[in-house]
Amino acid sequence: MALIRFTLNNKRIGFVKNHKTGSTTVLNYIGQIFWNELPHHPTGTELKSHLGKDSYYGREKSFDYYKDKLLECDIRISTYRDPVKKLLSGFTLSKKANKIYFLDDFLQNYAAYMKIQNYIRIHCRTSTEMLGKDKTIYTHLFKTEEINSKLKPLLEQWSGKKLKETWLRKDEPVKITPEQEEKIKSIMKVDYDNGWF
68 MALIRFTLNN
78 KRIGFVKNHK
88 TGSTTVLNYI
98 GQIFWNELPH
108 HPTGTELKSH
118 LGKDSYYGRE
128 KSFDYYKDKL
138 LECDIRISTY
148 RDPVKKLLSG
158 FTLSKKANKI
168 YFLDDFLQNY
178 AAYMKIQNYI
188 RIHCRTSTEM
198 LGKDKTIYTH
208 LFKTEEINSK
218 LKPLLEQWSG
228 KKLKETWLRK
238 DEPVKITPEQ
248 EEKIKSIMKV
258 DYDNGWF
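Numbering (this note's numbering), first residue to last: 68 to 264.
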């Protein structure tokens with residue numbers, strides 16, 4: 068999933084779903100606004116049936132695919148997180164789905180996994196691939212830990228609706244060695260270069 072578009076108070080809002088940065092929680096809040104989604108229910112591709120066919124654009128595509136559609140929006144929102152935590156979260160989810168097994172193997176063969184395994188690519192790609200290189204394109208950016216404290220109140224203000232706090236897909240801690248951490252930082256270097264941390 069990539070760009071989700073909807074209208075609140077006559078403002079066209081674009082939300083870029085950047086996997087493993089709390090975006091499933093944000094989608095739940097959008098669902099609470101528009102169709103009274105239950106607070107702990109992951110809101111998936113049924114967005115189109117509730118928000119219209121033009122609401123959902125660029126599934127599994129990268130930023131360049133939907134950039135122009137995003138720029139048409141009055142308000143442009145996304146979430147991001149520390150690149151090491153983002154990649155480890157993607158690895159953990161992929162491991163649970165039996166798509167990958169060993170962290171060292173994954174880190175050593177990251178480029179190959181990203182080419183041959185769609186599930187892993189979606190959850191383990193860089194924020195830069197999803198959000199672009201230029202943060203100034205966005206009107207509102209939130210770190211993962213700011214979703215409930217900063218983004219949720221904004222959505223409530225714009226919609227005039229009180230949202231029930233939720234947090235979906237909480238991460239389990241992953242212990243890594245200093246060498247593994249350095250390898251992850253190397254893999255995710257583009258995110259550090261572009262300020263996505």
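From the three backbone atoms N, C-alpha and C, an ideal C-beta is built for every residue, glycine too. Only a predicted model underlies this, so the values are computations on that prediction, with no experimental measurement involved.
*Closest to L198 by CA distance: which of F73, E127, L75, I97 is it?*
Position 131 of the sequence shown, counted from the first residue, corresponds to residue 198. Among F73, E127, L75, I97, the Cα nearest to that of L198 belongs to E127.
*asked:* Which same chain residues end up closer than 8 Å to K166 when comparing Cβ atoms and leaving out the 5 residues on each side of it in sequence?
replied: On the sequence shown, residue 166 is found 99 positions in, with the first residue counted as 1. Counting only Cβ-Cβ distances below 8 Å, and skipping sequence neighbours, we find Q184, Y186, I187.
_C-beta atoms of K78 and I142 nearer than 7 Å_ = Here residue 78 corresponds to residue number 11 of the sequence shown, with the count starting at 1. Here residue 142 corresponds to residue number 75 of the sequence shown, with the count starting at 1. Taking 7 Å as the Cβ cut-off, K78 and I142 qualify as a contacting pair.
*Hey, is I80's beta-carbon within less than 7 Å of any beta-carbon in chain D?*
In the structure shown, chain D does not exist; there is a single protein chain.
*For G262, collect the residues of the same chain with a Cβ closer than 7 Å to its Cβ; drop the 5 residues on either side in sequence, then sort them by chain order.*
For the purposes of this step, residue 262 is taken as the residue at position 195 of the sequence shown. K202, listed in sequence order.
_CB of T211 within 7 Å of CB of G89, strictly_ = In the sequence shown, residue 211 corresponds to position 144, counting from 1. In the sequence shown, residue 89 corresponds to position 22, counting from 1. Yes, they are a contact pair.
_the segment 96-104 / the segment 153-160 touching (three or more Cβ pairs under 8 Å)_ = no
*Thinking V151 and K252 are a contact (beta carbons under 8 Å), I'd like their distance in whole angstroms, please.*
Here residue 151 refers to the residue found at position 84 when the sequence shown is read from its first residue. Here residue 252 refers to the residue found at position 185 when the sequence shown is read from its first residue. Contact holds; Cβ gap of about 6 Å.
*How many whole angstroms separate the CB atoms of T92 and W225, which I take to be in contact at a CB cut-off of 8 Å?*
Locating residue 92 in the sequence shown gives position 25, where the first residue counts as 1. Locating residue 225 in the sequence shown gives position 158, where the first residue counts as 1. 17 Å between Cβ atoms; not a contact.
*Classification of D258 by the beta-carbon crowding that lies within 10 angstroms, buried from 16 upward*: Numbered from 1 along the sequence shown, position 191 holds the residue referred to as residue 258. Counting Cβ neighbours within 10 Å, D258 comes out buried, since at least 16 surround it.
*asked:* So for V241, helix, strand or coil by DSSP?
replied: If you number the sequence shown from 1, residue 241 lands on position 174. Coil.
*May I have the straight-line CA-CA distance separating S129 from D172, to the nearest angstrom?*
Translated into positions along the sequence shown, residue 129 becomes position 62. Translated into positions along the sequence shown, residue 172 becomes position 105. One C-alpha to the other measures close to 25 Å.
*Under 8 Å by Cβ, that's how I've got S116 and R72 pegged, so tell me the actual separation to the nearest angstrom.*
In the sequence shown, counting from the first residue as 1, residue 116 sits at position 49. In the sequence shown, counting from the first residue as 1, residue 72 sits at position 5. Not quite, the Cβ-Cβ distance comes to about 15 Å (not below 8 Å), so this is no contact.
*Roughly how many angstroms separate the alpha carbons of N103 and L94, rounded to a whole number?*
In the sequence shown, the residue the question calls residue 103 occupies position 36. In the sequence shown, the residue the question calls residue 94 occupies position 27. When rounded, the distance between both Cα atoms is 12 Å.
*Would you mind listing the alpha helix (DSSP H) stretches within the segment 71-102 that are 4+ residues and don't spill past its ends, in chain order?*
90-102
*From what residue to what residue does the alpha helix (DSSP H) around T146 run?*
By one-based count along the sequence shown, residue 146 stands at place 79. T146 -> not in any alpha helix (DSSP H); beta strand (DSSP E) instead, spanning 142-147.
*asked:* Using DSSP's beta-bridge definition, name the partner residues of H207.
replied: Counted from its first residue, the sequence shown places residue 207 at position 140. DSSP output for H207 lists I144 as bridge partner(s).
_Are the CB atoms of H108 and H190 within a distance shorter than 7 Å?_
For the purposes of this step, residue 190 is taken as the residue at position 123 of the sequence shown. For the purposes of this step, residue 108 is taken as the residue at position 41 of the sequence shown. No.
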